[in-house]
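Numbering (the working numbering), first residue to last: 105 to 366. C-beta: ideal position from N, C-alpha, C; glycine also. First the structure, in the form of structure tokens, and then the observations on it.
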């Protein structure tokens with residue numbers, strides 16, 4: 105037996121394993137985060153070009169009502185996840201996909217899970233803390249307003265898509281207000297809180313699920329206080345405006361250009 109050959113083979117195998125361990129995982133990765141003693145599923149997308157030698161922007165994405173559950177996968181199937189799969193090179197960022205349980209909204213524990221997942225990603229990867237963005241669609245758009253109101257200095261920019269600020273029909277239950285009831289007009293209070301946060305609102309003109317007036321009022325209130333807000337209303341478009349929004353090079357270019365104001 106040639107012990108020199110065996111030793112060389114073993115050393116090469118160990119070296120290969122060491123190199124593999126140093127190579128970061130990329131693509132959609134499965135993760136869990138613990139909140140109040142409970143484990144919650146989420147996904148994180150890591151760009152294929154990721155390297156720890158540089159700091160990366162982060163996007164926190166909040167899905168809509170149709171992707172609720174506990175599988176950890178549905179949030180990546182609609183909206184931003186779809187856009188990534190179509191052209192991942194357009195999204196040079198770490199992207200966090202938390203998931204809220206069935207029959208819930210982006211308030212209370214689900215909101216805490218979203219923030220906890222974001223913080224865990226911040227610890228795991230090299231991120232640029234001045235380029236953390238928040239976006240979501242439909243019920244996730246409501247979540248954008250909810251989280252941004254409570255963490256106005258955390259995010260460099262917001263992109264709420266076909267979202268809502270106030271309960272717009274009686275069956276929206278349970279509903280935790282974006283703005284506490286004792287804060288006055290919800291749209292005016294929201295605008296005061298977010299007057300320094302760059303925001304791009306998107307909504308469809310004939311949205312049959314979430315009234316476009318929700319976004320119109322939010323945009324008007326933000327403009328009234330001089331906030332850096334842009335409003336895009338897609339004429340003749342129903343609820344699904346997210347494919348156009350996340351597929352827009354203009355909107356994505358604007359998003360990645362934003363930095364948190366200190």
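- Rounded to the nearest angstrom, the Cβ distance from residue 161 to residue 360 is 6 Å, consistent with a contact under 8 Å.
- Assignment of beta-bridge partners to residue 237 by DSSP yields 163, 261.
- With 16 or more neighbouring CB atoms inside 10 Å of its own CB, residue 235 falls in the buried class.
- Two segments are said to touch when three or more pairs of C-beta atoms, one from each, lie closer than 8 Å; by this definition the region 137 to 150 touches the region 220 to 240.
- Residue 337 sits in a strand when the DSSP states are folded into three classes.
- Burial is judged here by how many other beta carbons sit within 10 angstroms of a residue's own beta carbon; residue 268 has at least 16 and is buried.
- Taken in chain order, the complete alpha helix (DSSP H) segments of 4 or more residues contained in the region 205 to 257 are 212 to 228, 243 to 254.
- Beyond the five residues adjoining it in sequence on each side, residue 176 comes within less than 7 Å, by CB distance, of 134, 145, 146, 147, 203 in the same chain, given in chain order.
- In the DSSP assignment, residue 311 falls outside any beta strand (DSSP E) and carries neither an H nor an E.
- Counted as a single uninterrupted DSSP element, the stretch harbouring residue 202 is not any alpha helix (DSSP H) but the beta strand (DSSP E) occupying residues 198 to 202.
- Distance from residue 304 to residue 263 at the Cβ level is roughly 5 Å; contact confirmed, criterion being Cβ atoms closer than 8 Å.
- Under DSSP, residue 180 takes part in no beta bridge, so it has no partner.
- For residue 355, the closest C-alpha among the options 265, 221, 244, 282 is that of 265.
- Here residue 170 is exposed. Its C-beta has fewer than 16 other C-beta atoms within 10 Å.
- Looking at the DSSP output, residue 134 sits in a beta bridge with 147.
- Between residue 364 and residue 260, the C-beta gap is smaller than 8 Å, which places the two residues in contact.
- Selection 209, 350, 358, 357 evaluated against residue 189 yields 350 as nearest (Cα-Cα).
- Under DSSP, the beta-bridge partners assigned to residue 303 are 262, 333.
- Annotated three-state conformation of residue 318 is helix, per DSSP.
- DSSP places residue 142 within a strand segment (E or B) once states are collapsed to three.
- Inclusion of residue 343 and residue 313 in the CB contact set at 8 Å is warranted, their separation being smaller than that value.
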